[in-house]
Every structure is written in C-alpha cells, then in structure tokens.
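Engineer:
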Amino acid sequence: EGSEGGGYLAAAERLWRDVTERKLYITGGLGAVREYEGFAYGYCLPNSGYLETCAGVGLAFWAGRMGEAFGRAAYADVYERALYNNILVGVSLAGDRYTYQNPLEARGGSRRWAWHGCPCCPPMLLKAVAGLGDQIYAHASDEAGDDLFVHHYVGGSGKFALPGGEVELVQRAAYVWDGRVQVTLRTLGPRTFGLHLRLPGWCQTLELRLNGAALEAVEMQDGYAVIRREWQNGDTIDLEMAMAVQRLTAHPYASHLRYKVALQRGPLVYCLEGIDNPGAAKPTLAAEPHLAARHDPDLLGGVTVIQGLTGDGRNLLAIPYFAWDNRAPAGEEQDWMQVWLGQTGLEEPSLAQAGDLTGWEHRLYRPLPV
Numbered sequence: 088e089g090s091e092g093g094g095y096l097a098a099a100e101r102l103w104r105d106v107t108e109r110k111l112y113i114t115g116g117l118g119a120v121r122e123y124e125g126f127a128y129g130y131c132l133p134n135s136g137y138l139e140t141c142a143g144v145g146l147a148f149w150a151g152r153m154g155e156a157f158g159r160a161a162y163a164d165v166y167e168r169a170l171y172n173n174i175l176v177g178v179s180l181a182g183d184r185y186t187y188q189n190p191l192e193a194r195g196g197s198r199r200w201a202w203h204g205c206p207c208c209p210p211m212l213l214k215a216v217a218g219l220g221d222q223i224y225a226h227a228s229d230e231a232g233d234d235l236f237v238h239h240y241v242g243g244s245g246k247f248a249l250p251g252g253e254v255e256l257v258q259r260a261a262y263v264w265d266g267r268v269q270v271t272l273r274t275l276g277p278r279t280f281g282l283h284l285r286l287p288g289w290c291q292t293l294e295l296r297l298n299g300a301a302l303e304a305v306e307m308q309d310g311y312a313v314i315r316r317e318w319q320n321g322d323t324i325d326l327e328m329a330m331a332v333q334r335l336t337a338h339p340y341a342s343h344l345r346y347k348v349a350l351q352r353g354p355l356v357y358c359l360e361g362i363d364n365p366g367a368a369k370p371t372l373a374a375e376p377h378l379a380a381r382h383d384p385d386l387l388g389g390v391t392v393i394q395g396l397t398g399d400g401r402n403l404l405a406i407p408y409f410a411w412d413n414r415a416p417a418g419e420e421q422d423w424m425q426v427w428l429g430q431t432g433l434e435e436p437s438l439a440q441a442g443d444l445t446g447w448e449h450r451l452y453r454p455l456p457v
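Numbering (the numbering used here), first residue to last: 88 to 457.
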C-alpha cells in the first residue's frame, strides 16, 4: 500500500479506538447529541442519546471495512453489536414502521413512524440487510496458503474458489437465540486450508469439535479459532458457545451510567418495557437477581426473554432491545422503556472511584463477575 496507505490505516485505527473505547453506546449506537446528531466528548453517553439508525448502519459498514484491512475479530464484534441492536430496532416486527433515533430510555411518546419528512433510515436498513451476505465469510490467500473466515453465524452457505477446487461451507445455526453452530464442508476432493471461526467477545465458555471429537488445543489468532488441515468432503465442525445472561457495567468515566447495569445475552442487549413490568418505572435489580433466560415462542414473534428479581422483590421480564415498541401500552403507567438498570450493591465506594481503572484498559463495557 505504500506509506500513504499505511498512514490512512493508522488514522482509521486511531479514529476507531476513539469511537469504540470512548463514544460507542452499548447497543452499537452513535451520536449522543440530539441537536447536531453527533458525538459528544469521550464517555458522555446519556440514555437520551440520538443514536440514529443510519449511524448504526454506517458503523457496521465501517466495521466491515476495518475487518478487511486488519483481520481482527473485534471489528466483527462491533458489526454484530450494531446489527442486532441499534440497526434491527430501526424497523418494527411487522416491517411497516421505522425509527429515526433509538434512545436507551423512553417515558411516553417515543414511537416508530410510518413515514418521515427525512426518509433516510428505511433505505439504509435495506442497504444493511443487502450487504450482510458480504460480511459473513472471507477468503484470504498468500504464499503460505489459503484461509477461510467465518465472521458471523448465519444459517446458509458460502462458496469459495480455491486453487485446488471449489469449497462450500454450510452453516446450521439458531443464532442469536442459541450459541450452537455447525459448519459442514462440501468439496469434490481433499482441500488444504485454514478455517477461522470467530469467537465473539461476549463468549466466555465454548466447546469445539471436529467430526464429533473434541478439539483440546486450538490455535487462536486475532480472536479466531483456527483449524489448519487437509479437509475432506463432509467434515463437520461443531462450535458451542454458552449464552449466559450477563450484567454489563460501563467505564467509570461514563458518569451517566454509574451504579447501573445493562442485561445482555449473546449479542443481544435487553430492555424492560412497562407493559411487562407494571409499577416499576425505575427498576433496580436485586443484589442477587437470579437472572434466567427462556424462549417464548408466542411473544413478539418468538423471542428469548430474561426473567429475574428487582430490589423490592418484584418479578421482572426483559425483552431484546430490538423488539421494544411493538405493542401498545394500556396506559401512561406502562408507557416506558429502559436499558440501564439500577443494581443493588453497586454503590460501594470501591466501585465508585473513577480514578481506579484497573481492568478497563481499552474497554468501555465489561461484565460483572458471575
């Protein structure tokens, strides 16, 4: 690329780190300031942020290009976060209403619209969906050989023209509800290459099997599990990623989010809606909230919900953020939504000292210990 190309890449990486380590919302949203639809200073992340659907789409495209340039799984992690949260929330489940902005809390009046005088978000949603196929797989080739990458876990298949002949990867997955993924190879003869499987940043426990046998020592490279071998037709890789419910906290400098947690399972961020949580407009989780996930096939077209306990002993129910505002509240007392929740016990002084940044290097969010 020469020195000029290297300079551009270095600048892109500096900008990327500034955004993702200081200004990125937990849903993959961008733009804290409503008045000019733009960034604020670092760690300024109010829940009323603008977080335009279009900005989430732009971030996803940027993440995809950064992944092509640098080859690290962290970029696909950000793409995934934006796609399943800040982008997907932009369209109703019926597909006929849209959002322009996607704040992390609402108290009445926040609704999707059937039409808007500045109709940029619906076509950007279409661009995001149309471009997803180009993000799932990648093929790299150099003097050392060929490498195939699985960036995203989406049921379907991808074909690659390798020097020795075509290879097809067939995925079977119920992602994002389930962390079990199966990849089967289809080829007319033996093919030698490295297969790279992204291990998402949210994943803390996993199992990897090749043709039913557990792989104990797996090469790790830039956030990918790498299997290099001579592949045969029908070879199957099973990846099982535990999807535990996580409580995420924000960097101590993010003053709007101190003493609060957000619920996440897999790549999905969750929220509470008043329609499911009557009488708890400012919910606080219990110190031991006993969070558990279950799939409800009859709710919102079939979603996995999170159940638990509030600090005052009430039952709570959280739904994926992308699915909020798809039901009409019965009254004003039900007309609210919230992502960041109070957490009993987070007021401890040791957790309130913004000067103690141990463990926060290059991180904006991290899970509480289980």
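Ideal placement from N, C-alpha and C gives every residue a C-beta, glycine not left out.
State the Cα-Cα distance for the pair Val120 and His343, rounded to the nearest angstrom.
Structural biologist: Along the sequence shown, read from residue 1 onward, the residue named residue 120 stands at position 33. Along the sequence shown, read from residue 1 onward, the residue named residue 343 stands at position 256. Roughly 14 Å between the two C-alpha positions.
Engineer: Which residues mark the beginning and the end of the alpha helix (DSSP H) in which Asp164 is found?
Structural biologist: Position 77 of the sequence shown, counting from 1, holds the residue named residue 164. Element bounds for Asp164: 160–168.
Engineer: Compute the Euclidean distance between the alpha carbons of Arg482 and Asp325, then round it to the nearest angstrom.
Structural biologist: Lying before the first or after the last residue shown, residue 482 is absent from the chain, which here runs from 88 to 457.
Engineer: Look at the Cβ atom of Ala379, then the Cβ atom of Gly398, and state whether they are nearer than 8 Å.
Structural biologist: For the purposes of this step, residue 379 is identified with residue 292 of the sequence shown, where counting begins at 1. For the purposes of this step, residue 398 is identified with residue 311 of the sequence shown, where counting begins at 1. No; because the gap between Cβ atoms is not below 8 Å, this pair is not in contact.
Engineer: Rounded C-beta distance between Tyr240 and Leu355? I'm assuming under 8 Å.
Structural biologist: Numbered from its first residue, the sequence shown carries residue 240 at position 153. Numbered from its first residue, the sequence shown carries residue 355 at position 268. Actually they do not touch by this definition, with Cβ atoms about 13 Å apart.
Engineer: On the three-state DSSP scale, how would you describe Glu155?
Structural biologist: Translated into positions along the sequence shown, residue 155 becomes position 68. Residue state, collapsed to three classes: helix.
Engineer: With a 10 Å radius around its C-beta and 16 neighbouring C-beta atoms as the bar for buried, classify Lys246 as buried or exposed.
Structural biologist: Here residue 246 refers to the residue found at position 159 of the sequence shown. Lys246 comes out exposed.
Engineer: Name the one or two DSSP bridge partners that His203 has.
Structural biologist: On the sequence shown, residue 203 is found 116 positions in, with the first residue counted as 1. For His203, which the question treats as bridged, DSSP gives no partner whatsoever.
Engineer: Might you give, ordered along the chain, the residues of its own chain that have their beta carbon closer than 8 Å to the beta carbon of Gly281, omitting 5 neighbours on each side?
Structural biologist: For the purposes of this step, residue 281 is taken as the residue at position 194 of the sequence shown. Gly232, Asp233, Asp234, Leu235, Val313, Ile314, Arg315, listed in sequence order.
Engineer: Taking the alpha carbon of Thr274 as the reference point, which residue from Ala261, Leu284, Glu124, Glu255 has its own alpha carbon closest?
Structural biologist: Position 187 of the sequence shown holds residue 274. Selected option, being the one with the closest Cα: Glu255.
Engineer: Using beta-carbon positions only, say whether Glu461 and Glu124 come within less than 8 Å of one another.
Structural biologist: A query on residue 461 cannot be resolved here, the shown segment of the chain reaching from 88 to 457 and no further.
Engineer: Return the Cβ separation of Asn298 and Thr323 in integer angstroms, given the expectation that the two are a contact with Cβ distance under 8 Å.
Structural biologist: Position 211 of the sequence shown holds residue 298. Position 236 of the sequence shown holds residue 323. The pair is a contact, with the Cβ atoms about 6 Å apart (cut-off 8 Å).
Engineer: DSSP puts Val257 in a beta bridge; with which residues?
Structural biologist: Reading the sequence shown from its first residue, position 170 is the one you call residue 257. Partner(s): Ser244, Thr271.
Engineer: In angstroms, rounded to a whole number, what distance separates the CA positions of Trp411 and Ala156?
Structural biologist: As a position in the sequence shown, residue 411 is number 324, starting the count at 1. As a position in the sequence shown, residue 156 is number 69, starting the count at 1. Taking the straight line joining both Cα atoms gives about 35 Å.
Engineer: Do the CB positions of Ala455 and Val348 come within less than 8 Å of each other?
Structural biologist: Residue numbering aside, residue 455 sits at position 368 when the sequence shown is read from its first letter. Residue numbering aside, residue 348 sits at position 261 when the sequence shown is read from its first letter. One detail in the question is off: residue 455 reads as Leu in this sequence, not Ala. Yes, they are a contact pair.
Engineer: Quick one, which of Ala368, Arg352, Pro209 has its alpha-carbon nearest Arg184's?
Structural biologist: As a working note, residue 184 is residue 97 in the sequence shown. Checking every option, the nearest Cα to that of Arg184 belongs to Pro209.
Engineer: At the level of alpha carbons, what is the spacing between Glu375 and Thr186?
Structural biologist: On the sequence shown, residue 375 is found 288 positions in, with the first residue counted as 1. On the sequence shown, residue 186 is found 99 positions in, with the first residue counted as 1. Their Cα atoms are separated by approximately 35 Å.
Engineer: DSSP three-state call for Pro436: helix, strand or coil?
Structural biologist: The residue labelled residue 436 in the question sits at position 349 within the sequence shown. Any reading at Pro436 must be qualified, since the residue scores a pLDDT of 49, below 50, and its modelled position is unreliable; the value itself is stated next. Pro436 falls in the helix class under three-state DSSP.
Engineer: From the DSSP output, in three-state form, read off Tyr262 for me.
Structural biologist: Numbered from 1 along the sequence shown, position 175 holds the residue referred to as residue 262. Coil at Tyr262, not helix or strand.
Engineer: Short check: CB of Ala478 to CB of Leu132, under 8 Å?
Structural biologist: Coverage of the chain is limited to positions 88 through 457, which leaves residue 478 absent and any answer about it impossible.
Engineer: What is the DSSP secondary structure of Ser342, counted as helix, strand or coil?
Structural biologist: One-based indexing of the sequence shown puts residue 342 at position 255. Helix, per DSSP.
Engineer: Report the residue from Tyr162, Val176, Ala227 whose alpha carbon sits nearest the alpha carbon of Met211.
Structural biologist: Walking along the sequence shown from the start, residue 211 turns up at place 124. When each option's Cα is compared against that of Met211, the closest is Val176.
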